[in-house]
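Per full-length UniProt numbering, residue 1 is the first one in the sequence shown, and the count goes up by one each step.
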Amino acid sequence: MTAAPRPPGTGGFVSDARGSSADRNGEALVSRLLDTLPLRSGGFIVTLYGDVVEPRGGRLWMGNIVEICRMVGISETLVRTAVSRLVAAGQLTGERQGRRSFYQLTEAARREFLSAARTLFAPQAEVGWLFVWLGPDPAGEAGPALEREGFVRLGPQWLLGPARHRPADPSLVVFEVGQGGSQGDGQGDGQAASQAAGPRLRDLVAAHWDLSAFDAAYAAFLAAFAGIADALDAGTHLSDAEALQLRLLLVHAYRHAALRDARLPAATLPADWSGHRARRLFADLYLRLSPAADRHVGRHLLAGDDLLPAQTAETLARAASLARIRDGA
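Structural data, given as C-alpha cells:
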C-alpha cells in the first residue's frame with residue numbers, strides 16, 4: 001500500500017523548497033491572484049474535480065478537498081456545505097472508508113465534465129452553422145436550452161448557432177450549413193462557408209451575439225495571468241503546492257470565460273480577438289505549471305488506499321493537445 005498523505009494542517013501543502021525568498025515570491029503570486037479572482041466554494045470544487053480528479057479516476061478524500069480549498073481562502077465550513085449541495089445536485093456521491101470520507105463524480109457529472117474538458121483542453125476545429133426550427137409552437141425548454149449553448153434567436157421559431165452545439169431533441173428541425181467543417185479537420189466546408197459570406201456574416205454575428213461580453217471576460221483573464229507568465233520568465237520559483245494552486249486558479253478563471261463563449265467560427269471574429277490570445281496563454285501556463293503540480297498530486301492526494309497517480313493517459317493527452325494549441329499547430 002502506498003503511504004497515505006499527511007492529514008490537513010500537518011504539512012500536506014508545505015513548500016517543497018527551504019524557505020528562500022524565491023518561495024515567498026511564489027506565495028505572492030498566489031496571493032495577488034486571490035485578490036483579483038472572486039471564488040465560490042462550489043465552483044472551485046468543480047474546477048478541482050475537472051482539472052485534477054476526473055482524469056485520475058474521479059474520487060478524492062474529503063480531507064484533501066478541505067485542504068486545497070483552505071489554501072485559496074475557502075473555509076472548511078463552506079467546503080462541507082458546497083460538497084453537500086453538489087451531492088444533492090447529483091454531481092458527487094460520497095462513501096466512507098474507515099474514518100475517511102471520499103467523494104466521486106456521478107456518471108452524469110462525468111459526462112458533463114468530459115464535455116467541458118474538450119472545450120478547455122482540445123484544439124477547436126472550425127465548424128459550420130446550424131439553423132434550428134422549433135416548430136409551430138416555439139414555447140418550451142428547447143429554445144432556452146439552445147440559447148444557453150450559445151444559439152441566438154432570429155425570430156420566435158428560429159435559432160442560429162455554431163454546429164459544434166448539435167441539439168439532441170429529435171423533435172427539432174435542424175439545417176446545417178458547411179457540414180464538412182464539423183468533422184474536426186479545421187479545413188472543411190464550415191470554414192469555407194464562413195469565409196464566403198465575408199463581412200456580411202460578421203455583421204450578423206455582431207448584431208446577434210454580445211461579443212463585447214466575451215471579449216471582456218477574456219481580457220480579464222489575460223490581465224490576471226499575463227503577470228504570472230512574466231514572473232515565471234523572470235525565474236520565480238514555485239513549490240509543487242504553489243504550482244497546483246496556480247494551475248487550479250488558471251483553470252478556474254479560464255473556465256469562467258471559455259464555457260460562456262459561444263465559440264463562433266474564427267472567420268466571423270475580429271482579427272485581434274482576445275479569445276485567441278487567452279487560449280494560447282492558458283495552454284502555455286498550464287503546461288509550465290503541470291510538472292510541479294502533478295508531482296504534488298501524486299505525493300499528497302488520496303483516492304482510497306492509494307494516492308492519485310501523478311499522470312494518466314488522459315492527463316498526457318491533455319498536455320499533448322495543449323502543446324498543439326500553444327504552438328499554433
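Virtual Cβ for every residue (Gly too), placed ideally from N, Cα, C.
query                                                                                                             : result
Unbroken stretches of the alpha helix (DSSP H), 4 residues or longer, contained in the stretch 93-174             : 107-121 and 142-148
Unbroken stretches of the alpha helix (DSSP H), 4 residues or longer, contained in the stretch 36-87              : 41-48 and 62-70
8 Å contact criterion, which residue 151 and residue 50 should meet: CB distance rounded                          : Not a contact, Cβ separation roughly 24 Å.
Residue 64 to residue 302 span [Cα, whole Å]                                                                      : 7 Å
Buried or exposed (CB count within 10 angstroms, at least 16 for buried), residue 162                             : buried
Span of the alpha helix (DSSP H), counted from its first residue to its last, around residue 279                  : 274-300
Segment contact flag, the stretch 138-148 with the stretch 278-292, C-beta cutoff 8 Å, min 3 pairs                : no
Rounded separation between residue 17 and residue 288 - CA only                                                   : Legend: pLDDT at residue 17 = 38, less than 50; position of this residue unreliable, value from coordinates given subsequently. Rounded to the nearest angstrom, the two C-alpha atoms are 18 Å apart.
Separation of residue 81 from residue 73, as counted between CA atoms                                             : 15 Å
Inter-residue spacing [alpha-carbon to alpha-carbon] between residue 98 and residue 312                           : 27 Å
Neighbourhood of residue 252 by C-beta, 8 Å cutoff - its chain only, sequence neighbours within 5 removed         : 37, 39, 43, 44 and 47
DSSP three-state assignment for residue 264, whether helix, strand or coil                                        : coil
Residue interval of the alpha helix (DSSP H) (run including residue 226)                                          : 211-233
Residue 144, buried or exposed, once every other Cβ within 10 Å from all chains shown has been counted against 16 : exposed
Limits of the unbroken alpha helix (DSSP H) element including residue 327                                         : 313-327
Proximity winner among 294, 115, 83 and 326, relative to residue 102 (alpha-carbon distances)                     : 83
Per-residue DSSP class, three states only, for residue 269                                                        : coil
Selected residue, minimal CA-CA separation from residue 60, among 233, 85 and 92                                  : 92
Straight-line Cα distance separating residue 314 from residue 272                                                 : 32 Å
Environment of residue 212 [buried if 16+ CB atoms lie within 10 Å]                                               : exposed
DSSP state of residue 238 mapped onto helix, strand, coil                                                         : coil
Per-residue burial, residue 175 [other beta carbons within 10 Å of its own, 16 or more giving buried]             : exposed
C-alpha distance - residue 295 paired with residue 236, whole-angstrom precision                                  : 18 Å
DSSP-derived helix/strand/coil call for residue 244                                                               : helix
The stretch 120-128 in contact with the stretch 315-326 per 3-pair CB rule at 8 Å                                 : yes
C-alpha gap between residue 96 and residue 66, whole angstroms                                                    : 16 Å
Secondary structure of residue 307, DSSP reduced to three states                                                  : strand
Rounded separation between residue 234 and residue 227 - CA only                                                  : 10 Å
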